[in-house]
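Here the structure is laid out as structure tokens; the discussion comes afterwards.
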Amino acid sequence: MENRLVIAGKAYGSRLLVGTGKYRDFAETRLAIEASGAEIVTVAIRRVNIGQRAGEPSLLEALPPSRYTILPNTAGCYTAEEAVRTLRLARELLDGHSLVKLEVLGDSETLFPNMPETLAAAKTLVAEGFQVMVYCSDDPIQARALEEAGCVAVMPLASLIGSGMGILNPWNLQIIIDRAKVPVLVDAGIGTASDAAVAMELGCDGVLMNTAIANARDPVRMGRAMKLAVEAGREAWLAGRMAKKPYQASASSPAEGLIGKTA
Amino acid sequence: MELLVRINGADRRFARPLTVKELVGELGMEGKRIAIERNGEIVPRSRYGELALADGDRLEVVVAVGGG
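Take a look at the structure:
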């Protein structure tokens, strides 16, 4: 099982979860996500455009729920109440599917999570039978509170949503990873492949990203790069890296048998 | 008898009473993967046919869109 990601009792082959926003069109969305190998994809829930043309393609036609695990999110919600209402709608939309991504924002500039509202929403959702994967700050105490509330995964930010700033506080993430009994996924802030690899080398169970792939010059290629990075980081973590030995050089080639010396 | 309901924040007037199912048809959303909330409560798809809308109902009609 060491290479399967288990969330709420279900095993997934890929540890990379991806968002579906910011792509040029559904064709690019589908190709980039295929290249990423992701099995769980996030979607947002929004009001329908009443005037829209009949027959206009829909996201779930490009990414059918029969093939992907659709993870509805509460992006854009600023209160527990809005988030809970949104996910009740999502559950109805997805035929009773209960795995969801909760995020309750606290500030429209930084998109930092509002943790008291997030925790309140988590408690309500868990009581209603949802399986809650939760976006949170990288505060180990908040992560623990969400785990105790019954969330099936905690997803601390690496840095600001959509910023591509990478992992700003690996030390906090490490504390969360070491203590959590549920899967820990880094969500938000990944910018490029090395960031994803570092997250996995810390021992994260998975990584969730959107903009890093969608806003790459070539999203399909970046999807593949992220797949490889997550796999490489996971393998490196399982392999156990060598100890860092500051300022202690150690030659890899034999010191004996060099030419031109007296025997 | 007219029907006045608020759909996704905008008032809409219909010439006759409607069930939720009929409303979905009027909006051209039949067969689409949508979800509906009426006055803060989810309307299960199985109840669209039997549930008659009332004047002043507030409806939210949503779909899945791209997002992170």
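Same order as they appear, the protein sequences are chains A and B. Its first residue numbered 5, the first sequence is counted upward by one per residue in our numbering. Its first residue numbered 22, the second sequence is counted upward by one per residue in our numbering. Beta carbons: idealized from backbone N, C-alpha and C, even for Gly. Keep in mind the model is a prediction, meaning the values are calculated, not measured.
Each residue's CA atom was taken as its position, placing A220/A and I44/A some 20 Å apart. No Cβ of chain A is located within less than 9 Å of the beta carbon of G46/B. The continuous beta strand (DSSP E) containing I49/A extends over residues 44–51. For I54/A, the neighbours in chain B by C-beta distance under 9 Å run, in chain order, I28, N29, A31, R33, L48, G49, M50, V82.
Within the segment 78–133 of chain A, the runs of beta strand (DSSP E) at least 3 residues long that lie entirely inside it are, in chain order, 103–106.
Residue burial annotation: I263/A is exposed, with fewer than 16 other C-beta atoms found within 10 angstroms of its C-beta.
The criterion of a C-beta distance shorter than 9 Å is not satisfied by E58/B and R225/A. Taking a C-beta cut-off of 7 Å against chain B, the contacting residues of the segment 80–92 of chain A are R89, R92, listed in chain order. For A73/B, the closest Cβ of chain A is not nearer than 9 Å. The C-beta separation of R51/A from N29/B comes to about 4 Å, placing the pair in contact by the 8 Å criterion. If only complete runs of 3 or more residues are kept, the segment 34–75 of chain B shows the beta strand (DSSP E) at 56–59, 62–64, in order along the chain. Residue state for G168/A is assigned as coil, using DSSP reduced to three classes. Inclusion of P223/A and A36/A in the CB contact set at 9 Å is warranted, their separation being smaller than that value. With a threshold of 9 Å between beta carbons, V104/A makes no contact with chain B.
The Cβ atoms of K105/A and V130/A lie no closer than 9 Å to each other. Taking a Cβ-Cβ threshold of 8 Å, none of the residues of chain B is close to L189/A; the smallest such distance is about 13 Å. With a threshold of 16 other beta carbon atoms within 10 Å, R238/A meets it and is buried. Interface criterion not met: the Cβ of S112/A is under 9 Å from no Cβ in chain B. Under DSSP, the beta-bridge partners assigned to G210/A are L189/A. The straight-line gap separating the alpha-carbon atoms of G110/A and Q252/A is approximately 46 Å. Proximity of the segment 34–50 of chain B to the segment 67–80 of chain A falls short of the contact definition, fewer than three beta-carbon pairs being nearer than 8 Å.
Interface residue (Cβ-Cβ distance to chain A less than 9 Å): K42/B is not classified as such.
In the structure shown, the three-state DSSP call for A15/A is strand. With 16 or more neighbouring CB atoms inside 10 Å of its own CB, L161/A falls in the buried class. In this chain, the alpha helix (DSSP H) harbouring Q178/A covers 174–183. For S62/A, the residues of chain B that pass the 8 Å Cβ criterion are K53, R54, V84, A85, in the order they occur in the chain. Proximity of chain A to P65/B at the Cβ level (cut-off 8 Å) is accounted for by E96, in chain order.
Not one beta carbon of chain B lies nearer than 9 Å to the beta carbon of Y72/A. By alpha-carbon distance to A184/A, the top candidate from L212/A, A216/A, E107/A, L150/A is L150/A.
For a Cβ distance threshold of 9 Å, residue set A56, V83, V84, A85, V86, G88 of chain B lies close to I49/A, ordered along the chain. Within chain B, the residues whose beta carbon sits less than 7 Å from that of N214/A are G89, listed in sequence order. Within chain B, the C-beta atoms nearer than 7 Å to that of T33/A come from G87, in chain order. Contact annotation for Y27/A against chain B: G87 [CB-CB distance below 7 Å, chain order].
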